[in-house]
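Enquirer: Residue numbers (this note's numbering), protein chains in the order written: chain A, 1 to 287; chain B, 288 to 431.
Every residue gets a Cβ at the ideal spot worked out from N, C-alpha and C, and that includes glycine.
On a predicted model such as this, the values are computed, not experimentally measured, just so you know.
(1) Between residue 249 (chain A) and residue 90 (chain A), what straight-line distance do the alpha-carbon atoms span, to the nearest angstrom?
(2) Of the choices A:94, A:62, A:36, A:123, whose alpha-carbon is the least far from that of residue 241 (chain A)?
(3) Quick check: residue 108 (chain A) and residue 394 (chain B), are their CB atoms within less than 8 Å of each other?
(4) For chain B, find out if any of its Cβ atoms is closer than 8 Å to the Cβ of residue 137 (chain A); answer yes or no.
(5) In whole angstroms, what is the alpha-carbon distance linking residue 110 (chain A) and residue 129 (chain A)?
(6) With distances taken from CA atoms, which of B:347, B:323, B:310 is nearest residue 336 (chain B)?
(7) Express the C-alpha separation of residue 216 (chain A) and residue 359 (chain B) in angstroms, rounding to a whole number.
(8) Mind pulling the chain A residues with CB within less than 7 Å of residue 382 (chain B)?
(9) Measure the alpha-carbon distance for residue 350 (chain B) versus residue 229 (chain A) and round it to whole angstroms.
(10) Give every residue of the same chain whose Cβ lies closer than 6 Å to the Cβ of residue 213 (chain A), excluding the five residues on either side of it in the sequence, and list them in chain order.
(11) How should residue 55 (chain A) be labelled, buried or exposed, when 16 other C-beta atoms within 10 angstroms of its C-beta is the threshold for buried?
(12) Are the CB atoms of residue 80 (chain A) and residue 153 (chain A) within a distance shorter than 8 Å?
(13) Looking at residue 156 (chain A) and residue 246 (chain A), is the spacing between their C-beta atoms short of 8 Å?
(14) In chain order, what residues of the same chain lie with their CB nearer than 6 Å to the CB of residue 225 (chain A), ignoring the 5 residues before and after it?
(15) By the 7 Å beta-carbon criterion, what residues does the region 302-326 of chain B contribute toward chain A?
(16) Can you pull the chain A residues whose beta carbon is under 8 Å from the beta carbon of residue 401 (chain B), in chain order?
(17) In the structure shown, what three-state DSSP assignment does residue 319 (chain B) receive?
(18) Give me, in chain order, the residues of the same chain whose beta-carbon lies closer than 6 Å to that of residue 205 (chain A); leave out the 5 immediate sequence neighbours on both sides.
(19) Between the alpha carbons of residue 142 (chain A) and residue 133 (chain A), how many angstroms are there, rounded?
(20) What's the C-alpha gap between residue 74 (chain A) and residue 64 (chain A)?
(21) Can you tell me whether residue 13 (chain A) is buried or exposed? The criterion is at least 16 other CB atoms within 10 Å of its CB, across all chains shown.
(22) Using a Cβ-Cβ cut-off of less than 9 Å, give me the residues of the region 174-189 of chain A that come near chain B, in sequence order.
(23) Once DSSP output is grouped into helix, strand and coil, what is the label at residue 261 (chain A)?
(24) Excluding five sequence neighbours on each side, which residues of the same chain lie with their C-beta closer than 6 Å to the C-beta of residue 184 (chain A)?
(25) In whole angstroms, give me the CA-to-CA distance for residue 239 (chain A) and residue 38 (chain A).
(26) Name, please, each residue of chain B whose Cβ falls closer than 9 Å to the Cβ of residue 145 (chain A).
(27) So, does the region 291-301 of chain B touch the region 256-276 of chain A, judging by three or more C-beta pairs under 8 Å?
(28) Which residues bound the alpha helix (DSSP H) around residue 95 (chain A)?
(29) Rounded to whole angstroms, what's the CA-CA distance from residue 47 (chain A) to residue 174 (chain A)? Just pull it up for me.
(30) Going by the beta-carbon positions, is the gap between residue 347 (chain B) and residue 375 (chain B) smaller than 8 Å?
(31) Identify, in the order they occur along the chain, each residue of the same chain with its Cβ nearer than 8 Å to the Cβ of residue 271 (chain A), setting aside the five sequence neighbours on each side.
(32) Taking DSSP as the reference, what is the three-state secondary structure of residue 2 (chain A)?
(33) Using a C-beta cutoff of 8 Å, does residue 423 (chain B) count as contacting chain A?
(34) In the DSSP assignment, find the alpha helix (DSSP H) that holds residue 309 (chain A) and state where it starts and stops.
(35) Specify the secondary structure class of residue 368 (chain B) as computed by DSSP and reduced to three states.
(36) Could you name the residues of the same chain whose beta carbon sits closer than 7 Å to that of residue 70 (chain A), not counting the 5 residues immediately before and after it, in chain order?
Written out as C-alpha cells, the structure reads:
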C-alpha cells in the first residue's frame, strides 16, 4: 500500500512540474508568425512598384529582376514563418500533453476488477508520470534545438532591415520621379506653368492654383498617387521596426533559454509582442 | 573587375541621380509654347527627357532588385539551417502525437482484457456484446 502511495505522490509532483508555462513565448511567436506574413506584402512591393512605374514610363521595364527579388524575399519569409510557427507550436502546452488520452486510460484502469480506488489512482498516475516525463523532455529538447538557430534567423532579419529597406526606398523614389515627370509634362503641355514639386498634397489641391481645368485635374490625380506612395514609404519605418522588434524578441527567447518562465523574460516578450502588433497593423494598413 | 554590392549601389545611385537631373530639366522647360515651331522643339525635348528618366529609373530599380537578390543568395546557408531545425521540431511534435496514440492503444488493450475477464466470470449476452465492442475498438486502434 505504501509503495502505491509513493508512486501516486511522485507522479503528481512530476505532473505539476511538467506543466511549464510558456504562454509568453507562445504569444510572442504568434506575433512573429503574423509579422512574417505582413513582411510578404512588403516583399511584393519590389515587383508591384515596377508595374506601377510602367504605367507612367516609356520605355517600360520588363520587371524581371524585380520579380526575382520578390520571389526570393517571399521564399525567405516562408522559411522564417515556418520557423516562427514551430516556435509557436512547441510553446503551446496542448502539443506536449497527453491529458486527454490519460483520461481514457484512467477509465480503463478503473474497470479492472478487484482494484481499489487508491490502486487505480496510482496506476493511472504512473501512466501520466511516464507520459509526461517523455513529453516534457521532448518539449525542452525541441525548444532548445529551435533556439540554437536564433542567430541564423537574426542574420536574415538584419539583411531584410539593412538591404531591403534601403533598396525599396530607392525603388519608390524612382517610381515617384517617373510619376512626377509624367504628370508635370502633361501639365506643361496644357499650357500651365506649374511645378508639381511645389504642390503641398497634404493640404489638398486648390483649384485657384491652376490656370485651367486640365491642370487642376492632373494636379489632383498626381496628389492621389503621391499620397499613396508616401503612405507606403512611411510604412517602411513600421517594417523596419517590426524586424528590429522580432530580432529583439528572438534574443529574449535565446537569453532566457534556461528559464523561459522567468518574470523578466515574460515581461520583455509581452512588451515585444505588443510592439510587433502595432507595427504589423500599420504594415497591413499601408500595403 | 569584380562586381560588388558597393559597385551596384553606386551604379544605381548614378542612374537615380541622373534621372533627377533630367526631371529638373523637364520642369524647367516651362509651359508648352503656342508657336508651332517652338512647340515642336518643346515636344522633342519633353519626349527625350521623359525617355531618359524612364530608362534611367528602370535601370536603377533593376539594380536595386539585383542587390536584394544577391544579399538573399548569401543568406541561403542560414535559411537552410532554419529549415532543417524547423523540420526537426515538426518531427518532435509528431512524436508527441505518437505517444498519445500509444496511450490510446494501451487503454484499448486494458479495456479488451477487462471485457475478457468479465465475460469469463459473468457470461451474459450484454457482456459478450461488450467484449465484441472492445475487440473491435482495439483492432481499429492497432490498425491505425
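Expert: In short, the structure shows the following:
(1) The straight-line gap from Cα to Cα measures roughly 16 Å.
(2) For residue 241 (chain A), the nearest C-alpha among the options comes from A:36.
(3) Closer than 8 Å, so yes.
(4) It does not: the Cβ of residue 137 (chain A) has no partner Cβ on chain B nearer than 8 Å.
(5) C-alpha of residue 110 (chain A) to C-alpha of residue 129 (chain A): approximately 17 Å in a straight line.
(6) Of the candidates B:347, B:323, B:310, the one whose C-alpha sits nearest the C-alpha of residue 336 (chain B) is B:310.
(7) Approximately 44 Å between the Cα atoms of the pair.
(8) By Cβ distance, chain A contributes 138.
(9) Spanning the two alpha carbons is a distance of roughly 20 Å.
(10) Beyond the five residues adjoining it in sequence on each side, residue 213 (chain A) comes within less than 6 Å, by CB distance, of no other residue in the same chain.
(11) Looking at its Cβ environment, which holds fewer than 16 other Cβ atoms inside 10 Å, residue 55 (chain A) is exposed.
(12) Contact flag set, yes.
(13) No.
(14) 179, listed in sequence order.
(15) Cβ contacts with chain A: 303, 306, 307, 310, 313, 314, 316, 317, 318, 319.
(16) Here the neighbours are 108, 111, 112, 113.
(17) Looking at residue 319 (chain B) - three-state DSSP - the assignment turns out to be coil, as it is neither helix nor strand.
(18) The residues are 219, 220, 223.
(19) A direct Cα-Cα distance of roughly 14 Å separates residue 142 (chain A) from residue 133 (chain A).
(20) The alpha-carbon atoms of residue 74 (chain A) and residue 64 (chain A) are separated by roughly 15 Å.
(21) With a pLDDT of 41 at residue 13 (chain A), under the threshold of 50, the modelled position of that residue is not reliable, and no figure is offered here.
(22) Listed by position, the residues of the region 174-189 of chain A near chain B (Cβ gap below 9 Å) are 174, 175, 177, 178, 180, 181, 182, 184, 185, 187, 188, 189.
(23) Three-state result, residue 261 (chain A): coil.
(24) Answer for residue 184 (chain A): 196, listed in chain order.
(25) Annotation: residue 239 (chain A) to residue 38 (chain A) spans about 9 Å, alpha carbon to alpha carbon.
(26) Ordered by position in chain B, the residues that pass the 9 Å Cβ test against residue 145 (chain A) are 372, 375, 376, 379.
(27) Contact fails: fewer than three Cβ-Cβ distances are below 8 Å.
(28) Segment: none, residue 95 (chain A) is in no alpha helix (DSSP H) and carries neither H nor E.
(29) A direct Cα-Cα distance of roughly 13 Å separates residue 47 (chain A) from residue 174 (chain A).
(30) Cβ distance not < 8 Å, so residue 347 (chain B) and residue 375 (chain B) don't count as in contact.
(31) Its chain contains no residue whose beta carbon lies nearer than 8 Å to that of residue 271 (chain A) once the 5 sequence neighbours on both sides are disregarded.
(32) With a pLDDT of 46 at residue 2 (chain A), under the threshold of 50, the predicted position of this residue should be treated as unreliable, and no value is reported.
(33) Not an interface residue.
(34) The requested residue 309 (chain A) is not part of the displayed model; chain A covers only 1 to 287.
(35) Residue 368 (chain B) falls in the helix class under three-state DSSP.
(36) Hits under 7 Å: 43, 44, 46, 47.
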